[in-house]
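A.B. asks:
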Amino acid sequence: MKMVKFAAIMSGLLLVTQVFADEQKFENLNQYFEYLPNAVHKNWTPYKANSDYEVLVQFRVKKNGEITDPVIVKSTNEHANNSVLNAVKAGAPYRPLPEKFPGESVNTQIELKFIK
0 MKMVKFAAIM SGLLLVTQVF ADEQKFENLN QYFEYLPNAV HKNWTPYKAN
50 SDYEVLVQFR VKKNGEITDP VIVKSTNEHA NNSVLNAVKA GAPYRPLPEK
100 FPGESVNTQI ELKFIK
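Numbering that gives the first Met the number 0 puts the first residue of the sequence shown at 0, with every later residue one more than the last.
1) To the nearest whole angstrom, what separates the beta carbons of residue 86 and residue 43, a pair I think is in contact under 8 Å?
2) When DSSP builds the beta bridges, which residues end up paired with residue 74?
3) What would DSSP say about residue 103, mapped onto helix, strand or coil?
4) Could you tell me the alpha carbon to alpha carbon distance between residue 83 and residue 54, rounded to whole angstroms?
5) CB residue 66 to CB residue 60, shorter than 9 Å?
6) Using CA coordinates, which residue listed in 69, 64, 88, 79 is at the minimum distance from residue 47?
7) Per the DSSP calculation, residue 67 is bridged to which residue(s)?
8) Pick from 40, 95, 34: whose alpha carbon is nearest that of residue 89?
9) How would you call residue 31, buried or exposed, if buried means at least 16 neighbouring beta carbons within 10 angstroms?
10) What are the boundary residues of the alpha helix (DSSP H) that residue 93 is part of?
11) Could you check how far apart the C-beta atoms of residue 50 and residue 115 are, in whole angstroms? I think they sit under 8 Å.
12) Measuring only the C-alpha atoms, how far is residue 58 from residue 29?
Next up, the structure:
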């Protein structure tokens with residue numbers, strides 16, 4: 000798996016997103032992986048906590064942009080899990096995968112961090 004990291008400051012919060020994908024497919028997805036975390040961020044209303052937390056969500060993006068199987072892989076604050084899952088679902092369907100993408104879907108993990 001290959002990882003790309005994005006960071007953004009939104010509403011005074013530092014949000015860090017990491018996207019993981021199979022390396023052999025990654026070459027065709029650079030622009031897509033710049034878009035996808037931003038699309039998830041746009042729909043995320045972070046759970047307000049008194050301390051930092053991170054949530055790693057995994058889902059599969061189909062060729063047509065639909066998603067399947069969104070699940071929380073790791074979380075340091077279980078109260079935040081629903082806000083992350085809701086953000087992933089709210090953005091769907093996402094843009095279709097690039098035409099030259101060799102597969103029917105890509106498995107993706109995005110890590111959202113709330114840093115107080």
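Positions of the beta carbon are idealized from the N, C-alpha and C atoms, including for glycine.
C.D. replies: Result, derived from the coordinates:
1) 4 Å
2) DSSP output for residue 74 lists 54 as bridge partner(s).
3) The answer is coil: DSSP assigns residue 103 none of H, G, I, E or B.
4) 7 Å
5) yes
6) 79
7) 59
8) 40
9) buried
10) Element bounds for residue 93: n/a, residue is neither H nor E.
11) 6 Å
12) 18 Å
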